[in-house]
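Engineer:
2 protein chains.
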Amino acid sequence: MGRTRTFDEDEVVRAAATLFGGRAYDGVSVDDLVTHLGVHRNSLYKTFGSKRGLYLVALRRHLAHDVRPLVDALGSAPDAASALRLITSADLGLLLLAAVERAPADTEVAAEVAAALDAVDQAVADALGVPADLAAALTSAALGILLRGNPHGVGTALAHRLDPLG
Amino acid sequence: MGRTRTFDEDEVVRAAATLFGGRAYDGVSVDDLVTHLGVHRNSLYKTFGSKRGLYLVALRRHLAHDVRPLVDALGSAPDAASALRLITSADLGLLLLAAVERAPADTEVAAEVAAALDAVDQAVADALGVPADLAAALTSAALGILLRGNPHGVGTALAHRLDPLG
DNA sequence: CCAATTGAGGAACGTTCGTTCTTGACTGAT
DNA sequence: ATCAGTCAAGAACGAACGTTCCTCAATTGG
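Those sequence lines, one after another, are chains A and B. For the first sequence, the positions run 1 to 166 when my numbering is used. For the second sequence, the positions run 167 to 332 when my numbering is used.
1) With respect to the alpha helix (DSSP H) encompassing B/V336, which residues constitute its N-terminal and C-terminal limits?
2) Could you list the residues in the stretch 300-312 of chain B with a C-beta less than 7 Å from some C-beta on chain A, going in chain order?
3) Can you confirm whether A/R161, when its beta carbon is compared against all beta carbons of chain B, has any partner nearer than 8 Å?
4) Using CA coordinates, which residue listed in A/L95, A/V120 and A/Q122 is at the minimum distance from A/A110?
5) Using a Cβ-Cβ cut-off of 7 Å (strictly less than) and excluding sequence neighbours within five positions of A/P66, which residues of its own chain qualify?
6) Is the beta carbon of A/A135 sitting closer than 8 Å to the one on A/L128?
7) Please report how far the alpha carbon of A/R61 lies from the alpha carbon of B/V178, in whole angstroms.
8) Going straight from the alpha carbon of A/A132 to that of B/R171, what length do you get?
9) If you follow the alpha helix (DSSP H) that A/V67 is in, where does it begin and where does it stop?
10) Who are the near neighbours of B/A282 in its chain, counting only those whose CB is closer than 7 Å to its CB and skipping five residues on each side?
11) Secondary structure at B/R251, three-state DSSP: helix, strand or coil?
12) How long is the line joining the alpha carbons of B/D292 and B/L240, rounded to whole angstroms?
13) How many angstroms separate the CA atom of A/Q122 from the CA atom of B/E274?
14) So which residues of chain A does B/A239 contact, with C-beta pairs closer than 8 Å?
15) Given A/T88, which residues of its chain have a CB within under 7 Å of its CB, disregarding the five upstream and five downstream residues?
16) A/V154 CB to nearest chain B CB: under 8 Å?
17) Taking only the alpha-carbon atoms, compute the straight-line gap between A/V130 and A/L138 and give it to the nearest angstrom.
18) Chain A beta carbons: is any one of them nearer than 8 Å to that of B/A323?
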């Protein structure tokens with residue numbers, strides 16, 4: 001039944017997530033994808049429908065493979081400092097970029113991002129036993145630290161001050 | 167000596183900053199700029215050299231008109247909660263977008279953004295008398311809250327918990 | 001071994017991008 | 001009144017974009 005594939009679909013999605021996590025959506029061209037992903041144009045469109053289709057799949061993979069484990073780990077965070085450390089040491093580049101750049105222009109992306117962040121908030125709230133708004137604040141703070149590349153372990157500095165919160 | 171301008175240069179730059187603050191750099195076309203700014207293509211290129219030239223001027227205007235006043239106000243912030251409130255209620259859309267989306271691809275943007283954030287960090291550190299890394303953490307936290315649109319006054323929730331810091 | 005199906009390969013599509021060119025209208029100084 | 005200089009107006013440029021089409025190679029079921 002037809003020729004066998006020479007590319008691994010999950011591998012392609014993973015590489016796409018890396019590319020999209022590194023620069024803006026419009027900064028990654030289909031040529032870039034074809035070149036770096038080891039998949040042919042035709043196969044890309046046959047498999048994912050469009051550039052946006054591949055982006056959505058890559059985003060969902062990022063959420064499933066990078067954010068979900070973080071949420072699970074947060075479930076057993078003993079205090080705010082630990083939670084902050086967990087988030088700030090996670091690889092959330094694509095989520096961040098999606099939130100700032102794509103969500104305002106793509107409601108489907110916005111929904112995925114909001115759901116993912118809500119899950120993180122919930123995990124923080126449950127683990128620390130703090131109100132929802134404070135949990136959201138902690139998540140936001142961690143994202144802000146990630147945004148700046150967590151210079152000089154800045155996350156740790158805040159974490160120490162937040163310990164009494166737990 | 168020549169025809170008089172029919173557009174106000176500062177008005178154009180201000181409108182450009184608004185546009186660039188609302189969506190990604192590549193999401194704002196020159197056509198968009200020409201349409202919304204009341205300046206003609208030719209004048210745009212004559213005045214700013216290129217789309218990127220206009221972007222840089224708009225970014226610098228944003229830093230001078232929106233970030234600088236924030237830094238000044240932070241100078242007399244009595245405690246961490248006040249500082250956080252000041253930052254989270256500022257209009258920093260373009261700075262945020264520039265930091266996440268443009269800085270990785272444009273070293274000049276990266277330099278402007280880094281300098282601006284450093285100035286905020288410094289103001290926070292001076293006003294509160296806290297170490298540099300903690301000040302940077304506070305700035306980062308505020309940026310993270312802005313990133314999520316400060317839902318339900320989340321900034322305030324964190325601010326109350328940070329009061330003992332001041 | 002042939003027919004049917006699916007992927008690979010690459011050229012080509014129309015559109016939109018940022019930028020430039022050409023033309024004409026307006027202004028101030030000579 | 002004229003001339004040089006600036007701006008407005010919009011057509012037009014080549015390049016790059018996302019997408020589609022066509023042809024050939026490879027694989028499986030009859």
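For each residue, glycine too, the CB sits at the ideal point set by N, CA and C.
Structural biologist: Looking at the coordinates:
1) No statement about residue 336 of chain B is possible, as the shown extent of chain B runs from 167 to 332 and does not include it.
2) Per Cβ criterion, the list reads L300, A302, A303, S306, A307, A308, L309, G310 and I311.
3) Yes, A/R161 lies at the interface with chain B (some Cβ there is under 8 Å from its Cβ).
4) Measuring from the Cα of A/A110, the nearest candidate turns out to be A/L95.
5) The sequence given here has Asp at residue 66 of chain A, not Pro. Beyond the five residues adjoining it in sequence on each side, A/D66 comes within less than 7 Å, by CB distance, of A90, D91 and L92 in the same chain, given in chain order.
6) In contact: A/A135 and A/L128 (Cβ atoms closer than 8 Å).
7) Rounded to the nearest angstrom, the two C-alpha atoms are 41 Å apart.
8) Roughly 54 Å between the two C-alpha positions.
9) From DSSP, A/V67 is part of no alpha helix (DSSP H); its letter is neither H nor E.
10) Here the set comprises L229, V233 and L261.
11) For B/R251, the secondary structure class from DSSP, reduced to helix, strand or coil, is helix.
12) Looking at the two C-alpha atoms, the distance is approximately 9 Å.
13) The straight-line gap from Cα to Cα measures roughly 39 Å.
14) Within 8 Å Cβ-Cβ: nothing; B/A239 doesn't reach chain A, min ~19 Å.
15) Closer than 7 Å at Cβ, skipping near neighbours: A142, I145, L146, N150 and G155.
16) In terms of beta-carbon proximity, A/V154 lines the interface with chain B, with at least one pair separated by less than 8 Å.
17) A straight-line Cα-Cα distance of about 10 Å links A/V130 and A/L138.
18) Yes - at least one Cβ of chain A is within 8 Å of the one on B/A323.
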